[in-house]
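Residue numbers (the numbering used here), protein chains in the order written: chain Z, 270 to 507; chain V, 270 to 507. Every residue, glycine too, gets a C-beta built ideally from N, C-alpha and C.
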DNA sequence: ACCTGAACACCGTTCAAGT
DNA sequence: ACCTGAACACCGTTCAAGT
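This is the structure:
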């Protein structure tokens with residue numbers, strides 16, 4: 270394959286922010302969070318570690334850029350004729366799937382609180398909350414609750430996947446946790462023991478969606494009375 | 270203060286797992302997650318780094334023990350004559366306060382999924398769910414949703430506190446975020462802009478509790494019909 | 001402007017050697 | 001049994017020097 274001699278010859282692609290970030294994602298996917306090293310990344314790009322610093326400020330910017338790259342490609346576009354509930358579920362599943370494909374994202378997502386990738390999700394959840402006719406004063410709470418729930422599941426999924434890396438199978442892993450739960454002290458862990466069976470046969474995805482539905486129920490149930498109809502009023506403890 | 274000469278003299282307290290862990294908590298509180306170093310910890314305990322390894326396996330066990338120590342002292346005991354909702358709120362606030370006092374806990378909590386400190390919280394939330402007469406098949410989902418929400422807020426709070434460390438004031442920080450939101454593209458971030466004002470005057474604690482109440486509403490509203498009365502059935506997208 | 005790679009100031013962890 | 005601290009194999013980041 271001869272390259273046109275008129276163009277400046279390039280033995281290899283020149284370094285660029287884009288190439289660095291996509292190599293970082295690849296490294297994170299294959300070697301995990303601890304595998305992303307400037308030295309390993311430099312070797313992957315056939316250069317020295319210092320070269321990367323010309324394009325990127327440091328490790329945390331690199332991680333942020335990697336998360337951004339993954340999130341923007343995975344989050345689904347708007348489906349115009351979906352109900353608000355369906356749209357929110359699709360959005361949530363987008364985040365869920367991104368973390369299933371790239372477990373390291375789950376750990377890092379919470380670290381970018383009011384920043385780019387999750388802010389876009391927040392915005393789109395919020396719009397659906399508005400479509401649901403939640404009163405203005407309760408919209409922030411509703412969207413925040415959904416976001417926090419999604420981020421919480423994200424973190425736990427990431428942790429589970431990491432713990433699962435040595436175990437062979439996903440169901441085998443759930444079985445071992447369920448078995449551990451079933452052996453807990455019956456007095457101290459009566460509830461946990463009682464749901465151990467449900468843990469064994471549950472589907473992570475379905476469980477995640479069930480939680481979303483639960484919160485959506487709360488949002489629509491309390492529509493129009495967000496301050497007035499608290500189940501029990503918060504008062505002095507005595 | 271003379272020590273009895275019959276006992277073996279101790280120039281300093283002997284090393285122990287307990288002393289190491291409490292020194293680690295102190296170090297984490299003052300220097301943050303990055304400040305916990307075996308060398309720094311050893312200096313704090315007036316010994317060499319190798320000594321610590323006689324009592325603790327490694328860094329991750331040390332972090333886990335530190336979290337455990339903080340969580341067990343902060344989570345409130347059972348208040349026997351509280352409503353289930355009040356008990357769950359008290360529990361959730363216990364976790365919230367632990368993270369406010371020790372921000373590094375928030376980042377690490379999710380990493381211990383089915384493990385000791387959060388499992389105790391899960392158990393006690395679950396018991397209250399049972400008191401609420403949620404049908405058995407829906408109990409796991411309800412308790413899990415509350416846990417995920419709590420862990421999600423925990424992670425975000427930890428991230429916020431870290432970002433806040435250089436800023437002077439908490440309200441000043443919220444103001445700067447709100448100001449940033451207000452300057453976003455009106456087309457792309459219409460919702461986010463519209464709630465920027467609520468962010469500025471909101472109280473983290475109240476907001477957190479409002480989210481708990483929202484989920485509790487969902488749990489009680491759907492009591493007895495967890496599978497049947499989904500707002501809109503999940504079906505094929507087309 | 002962009003790349004190179006040695007060098008600096010750190011890490012967690014191990015382990016022979018001491019008491 | 002328990003502690004010591006030098007040593008090993010790493011890190012992220014910087015920076016003079018090259019092209």
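- Think of a sphere of 8 Å around the beta carbon of residue 464(Z): the chain V residues whose beta carbon falls inside it are 395, 408, 409, 412, in chain order.
- Using a CB distance cut-off of 8 Å, residue 420(V) counts as an interface residue toward chain Z.
- Annotation for residue 433(V): 442 place their beta carbon closer than 6 Å to its own, counting only its chain and skipping 5 residues before and after.
- Under the Cβ distance rule, residue 491(Z) counts among the residues neighbouring chain V, one pair being separated by less than 8 Å.
- Below the 7 Å Cβ cutoff, chain V contributes 418, 421, 422, 425, 480 as neighbours of residue 417(Z), in chain order.
- Judged by DSSP in its simplified three-state form, residue 452(Z) adopts coil rather than helix or strand.
- 352, 354, 355, 358: these are the residues of the segment 352-367 of chain V whose beta carbon lies less than 8 Å from some beta carbon of chain Z, given in chain order.
- Closer than 8 Å to the CB of residue 428(V) there is at least one CB belonging to chain Z.
- Interface with chain Z (8 Å Cβ-Cβ cutoff): residue 487(V) is included.
- In summary, no residue of the segment 311-330 of chain Z has a CB separated from any CB of chain V by less than 9 Å.
- A direct Cα-to-Cα measurement between residue 318(Z) and residue 292(Z) gives close to 13 Å.
- Separation of residue 458(Z) and residue 393(V) (C-alpha to C-alpha, rounded to the nearest whole angstrom) is 9 Å.
- Residue 379(V) belongs to the set of residues whose beta carbon lies under 8 Å from a beta carbon in chain Z.
- Looking at the backbone, the Cα of residue 371(Z) and that of residue 349(V) are separated by about 44 Å.
- Between the segment 409-416 of chain Z and the segment 468-486 of chain V there are three or more C-beta pairs closer than 8 Å, enough to call the two in contact.
- By the neighbour-count criterion, in which 16 or more other beta carbons inside 10 Å mark a residue as buried, residue 373(Z) falls on the buried side.
- Below the 8 Å Cβ cutoff, chain V contributes no neighbours of residue 299(Z), its closest Cβ being approximately 21 Å away.
- Within the segment 360-443 of chain Z, the runs of alpha helix (DSSP H) at least 4 residues long that lie entirely inside it are, in chain order, 373-378, 385-400, 405-433.
- Below the 7 Å Cβ cutoff, chain V contributes 410, 413 as neighbours of residue 476(Z), in chain order.
- In the DSSP assignment, residue 471(V) falls outside any alpha helix (DSSP H) and carries neither an H nor an E.
- Here residue 305(Z) carries a coil assignment [DSSP, helix/strand/coil].
- Of the candidates 403(Z), 314(Z), 358(Z), the residue whose Cα lies closest to the Cα of residue 344(Z) is 358(Z).
- Secondary structure of residue 446(V) (DSSP, three-state): helix.
- With contacts defined as CB atoms closer than 8 Å, residue 421(V) and residue 418(Z) qualify as a contacting pair.
- Secondary structure of residue 348(Z) (DSSP, three-state): coil.
- Around the beta carbon of residue 486(V), 16 or more other beta carbons lie within 10 angstroms, which makes this residue buried.
- The segment 459-479 of chain Z and the segment 453-471 of chain V do not touch, with fewer than 3 CB-CB distances between them shorter than 8 Å.
- Collapsing the DSSP output to three states places residue 293(V) in a helix.
- With respect to the 8 Å criterion, residue 335(Z) and residue 380(V) are not classified as neighbours on the basis of their beta carbons.
- Interface with chain V (8 Å Cβ-Cβ cutoff): residue 388(Z) is included.
- Classified as buried, residue 396(Z) has 16 or more neighbouring CB atoms from the shown chains inside 10 Å of its CB.
- Under the Cβ distance rule, residue 391(Z) counts among the residues neighbouring chain V, one pair being separated by less than 8 Å.
- When Cβ pairs closer than 8 Å are counted between the two stretches, the segment 327-334 of chain Z is seen not to touch the segment 354-369 of chain Z, the count staying below three.
- Annotated as distal: residue 353(Z) and residue 305(Z), with beta-carbon spacing of 8 Å or more.
- Boundaries cannot be given for residue 316(V), as no alpha helix (DSSP H) includes it and DSSP labels it neither H nor E.
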